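S.K.: Heads up, the sequence shown is in my numbering, so the first residue is 1251 and it goes up one at a time. Glycine is no exception: its CB is placed at the ideal position from the N, C-alpha and C atoms. These numbers were taken from a predicted model, which means no experiment stands behind them. First the structure, which I've put down as structure tokens, then a few questions once you've had a look.
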Amino acid sequence: MNTPFVGGNWKMNLNFHEALEIFTQIHAMTSGFSKKTEVVIFPPALYIQPLSTFVSEMKSSLLLGGQNISNNVNGSFTGEISSEMLSQFCDYTILGHSERRKFYYETDSTIAERCIRADSIGLNKILCVGEPLEVYDSGKSIEYIDNQLNSILTKTQKINASSLIVAYEPLWAVGTGIPASTHYLQQITFEIRRILSDIFDETFSNEIRVIYGGSVSVHNVSEIVSIPAIDGVLVGSNSLNAKLFSEIVKIVNKQNDSDVLV
1251 MNTPFVGGNW KMNLNFHEAL EIFTQIHAMT SGFSKKTEVV IFPPALYIQP
1301 LSTFVSEMKS SLLLGGQNIS NNVNGSFTGE ISSEMLSQFC DYTILGHSER
1351 RKFYYETDST IAERCIRADS IGLNKILCVG EPLEVYDSGK SIEYIDNQLN
1401 SILTKTQKIN ASSLIVAYEP LWAVGTGIPA STHYLQQITF EIRRILSDIF
1451 DETFSNEIRV IYGGSVSVHN VSEIVSIPAI DGVLVGSNSL NAKLFSEIVK
1501 IVNKQNDSDV LV
């Protein structure tokens, strides 16, 4: 059984005082069960180093991740952060988030390069895939995601499976308050696992965790993680509230304990 995962993507929110306060609260509220469930916070880049100091000093089981990395190793790339820079303070990085694709025109090709860069330096990778509303409405979601995964992962077949997480985040559910239905998630995540098995092999692909992101809340997370193909969630706005986020972690942890007993 794969280790359950809960990620909190803070995006471009909070001043540092607020960030430290929320991070401290999450540390306190999840300390009893975050060792069973991998809990990762993705703060704005400026906050990563001081929060990593907090993690070290408090011996916290919380992990940190970057929201993006450059596809270049180093050089004259103003405003960019390399995988090596990030790896000094982080365990994870998000790759190909729908907002990066939409607002900064990131492509499967550049995302594949970033995946290779992250893997070469030992960063765990959260690869985001998902379809826009018009594709969903046309009934071609599986074909769309198949193309995304193949375009990226066929170029990175030598990566470490245990360091890769595939996050399914349909664009029509991100930030809308309208999550994908349980029935639909069962279907789509089953297909994602089939696609991964086709790209790699079944043993390798089974080590890759699959998580869901898109309007995750305390009200729907139990149903989401009860789906056999799903190993966790990537939380957006609700990760900015320590109490709500910690409750989500608690629910995921409890669901995993129930699965073990079964």
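Looking only at DSSP bridge pairs, what is Leu1301 linked to?
M.R.: Sequence index remark: in the sequence shown, residue 1301 carries index 51 (1-based). Partner(s): none; Leu1301 has no beta bridge.
S.K.: Terminal residues of the continuous alpha helix (DSSP H) containing Thr1439?
M.R.: Position 189 of the sequence shown holds residue 1439. 1432 to 1449 is the extent of the alpha helix (DSSP H) around Thr1439.
S.K.: Between the alpha carbons of Ile1331 and Tyr1297, how many angstroms are there, rounded?
M.R.: By 1-based counting over the sequence shown, the position of residue 1331 is 81. By 1-based counting over the sequence shown, the position of residue 1297 is 47. Looking at the two C-alpha atoms, the distance is approximately 14 Å.
S.K.: What residues in its chain sit with their C-beta under 7 Å from that of Asn1263, if we drop five residues either side in the sequence?
M.R.: The residue given as residue 1263 occupies position 13 in the sequence shown. Leu1490.
S.K.: With the cut-off set at 8 Å, would you say Leu1399 and Ile1445 are in Cβ contact?
M.R.: Sequence index remark: in the sequence shown, residue 1399 carries index 149 (1-based). Sequence index remark: in the sequence shown, residue 1445 carries index 195 (1-based). Their beta carbons are under 8 Å apart, which means Leu1399 touches Ile1445 by this criterion.
S.K.: Specify, as a first and last residue, the run of the beta strand (DSSP E) that Cys1365 falls within.
M.R.: By 1-based counting over the sequence shown, the position of residue 1365 is 115. Element bounds for Cys1365: not the beta strand (DSSP E) but the alpha helix (DSSP H), 1358 to 1371.
S.K.: I'd like to know whether the C-beta atoms of His1277 and Ser1310 end up nearer to each other than 8 Å.
M.R.: Position 27 of the sequence shown, counted from the first residue, corresponds to residue 1277. Position 60 of the sequence shown, counted from the first residue, corresponds to residue 1310. A contact, by the Cβ cut-off of 8 Å.
S.K.: Which residues bound the beta strand (DSSP E) around Lys1405?
M.R.: Within the sequence shown, the letter at position 155 stands for residue 1405. Looking at the DSSP string, Lys1405 is not in any beta strand (DSSP E), and its letter there is neither H nor E.
S.K.: For Tyr1355, does the three-state DSSP call read helix, strand or coil?
M.R.: Taking the first residue of the sequence shown as 1, we reach residue 1355 at position 105. Residue state, collapsed to three classes: coil.
S.K.: Which of helix, strand or coil does DSSP assign to Glu1288?
M.R.: Here residue 1288 refers to the residue found at position 38 of the sequence shown. In the structure shown, Glu1288 sits in a strand (DSSP, three-state: E or B).
S.K.: So, helix, strand or coil for Thr1426, using DSSP?
M.R.: Within the sequence shown, the letter at position 176 stands for residue 1426. The answer is coil: DSSP assigns Thr1426 none of H, G, I, E or B.
S.K.: Tell me whether Phe1266 sits in a helix, a strand or coil according to DSSP, three-state version.
M.R.: Looking up residue 1266 in the sequence shown gives position 16. In this structure, Phe1266 counts as helix in the three-state DSSP scheme.
S.K.: Would you tell me roughly how many angstroms separate the C-alpha atoms of Val1510 and Asp1481, rounded to the nearest one?
M.R.: Taking the first residue of the sequence shown as 1, we reach residue 1510 at position 260. Taking the first residue of the sequence shown as 1, we reach residue 1481 at position 231. Because the pLDDT at Val1510 is just 49, under 50, the model does not fix this residue reliably, and the value given afterwards should be weighed accordingly. Between Val1510 and Asp1481, the C-alpha separation is close to 13 Å.
S.K.: Work out the CA separation of Gln1437 and Pro1254 for me, nearest whole Å.
M.R.: Locating residue 1254 in the sequence shown gives position 4, where the first residue counts as 1. Locating residue 1437 in the sequence shown gives position 187, where the first residue counts as 1. The straight-line gap from Cα to Cα measures roughly 20 Å.
S.K.: Within its chain, find whatever has a CB closer than 7 Å to the CB of Ile1449; leave out the 5 residues flanking it on each side and keep chain order.
M.R.: The sequence position of residue 1449 within the sequence shown is 199, counting from 1. If you ignore the 5 residues before and after Ile1449, its C-beta comes within less than 7 Å of the C-beta of Leu1399, Asn1400, Leu1403, Thr1404, all in its own chain and listed in chain order.
S.K.: Which class does Ile1331 belong to by DSSP, given the choice of helix, strand or coil?
M.R.: To locate residue 1331, count along the sequence shown from 1; it is residue 81. Three-state result, Ile1331: coil.
S.K.: How far does the beta strand (DSSP E) with Asn1456 in it reach, from first residue to last?
M.R.: Counted from its first residue, the sequence shown places residue 1456 at position 206. From DSSP, Asn1456 is part of no beta strand (DSSP E) but of the alpha helix (DSSP H) over 1452 to 1456.
S.K.: Just to confirm my understanding: we take Thr1432, look at its own chain, exclude 5 residues before and 5 after, and list those with CB closer than 6 Å. What are they?
M.R.: Here residue 1432 refers to the residue found at position 182 of the sequence shown. Result list for Thr1432: Glu1473, in chain order.
S.K.: Would you call the stretch 1490 to 1502 and the stretch 1452 to 1461 touching, i.e. three or more CB-CB distances under 8 Å?
M.R.: no
S.K.: Should Gln1275 be listed as close to the ligand GDP, given that the test is whether its C-beta is under 7 Å from any heavy atom?
M.R.: As presented, the structure is devoid of all ligands, the ligand GDP included, so that no description of it is given.
S.K.: Could you tell me the alpha carbon to alpha carbon distance between Cys1378 and Met1308, rounded to whole angstroms?
M.R.: Locating residue 1378 in the sequence shown gives position 128, counting from the first residue. Locating residue 1308 in the sequence shown gives position 58, counting from the first residue. Going by the C-alpha atoms only, they are around 31 Å apart.
S.K.: Hey, could you find the ends of the beta strand (DSSP E) Ile1376 is sitting in?
M.R.: Taking the sequence shown and counting its residues from 1, one reaches residue 1376 at position 126. Taken as a continuous stretch (DSSP letters only), the beta strand (DSSP E) holding Ile1376 covers 1374 to 1379.
S.K.: By Cβ distance below 7 Å, which residues in the same chain neighbour Val1512 in space, the five residues on each side in sequence not counted?
M.R.: Your numbering for residue 1512 matches position 262 in the sequence shown. Residue confidence is low: Val1512 scores 44 on pLDDT, short of 50, so the model does not pin down where it sits. No coordinate-derived value is stated.
S.K.: If we ignore side chains and look at the alpha-carbon of each, how far apart do Asn1318 and Ile1344 end up?
M.R.: Counted from its first residue, the sequence shown places residue 1318 at position 68. Counted from its first residue, the sequence shown places residue 1344 at position 94. Looking at the two C-alpha atoms, the distance is approximately 5 Å.
S.K.: Assuming contact is defined by CB atoms lying nearer than 8 Å, are Phe1283 and Gly1258 in contact in what I supplied?
M.R.: Locating residue 1283 in the sequence shown gives position 33, where the first residue counts as 1. Locating residue 1258 in the sequence shown gives position 8, where the first residue counts as 1. No, they are not a contact pair.
S.K.: Using the three-state DSSP reduction, which class does Asn1259 fall into: helix, strand or coil?
M.R.: What you label residue 1259 is simply residue 9 of the sequence shown in a count that begins at 1. DSSP places Asn1259 in the strand class (E or B) of the three-state scheme.
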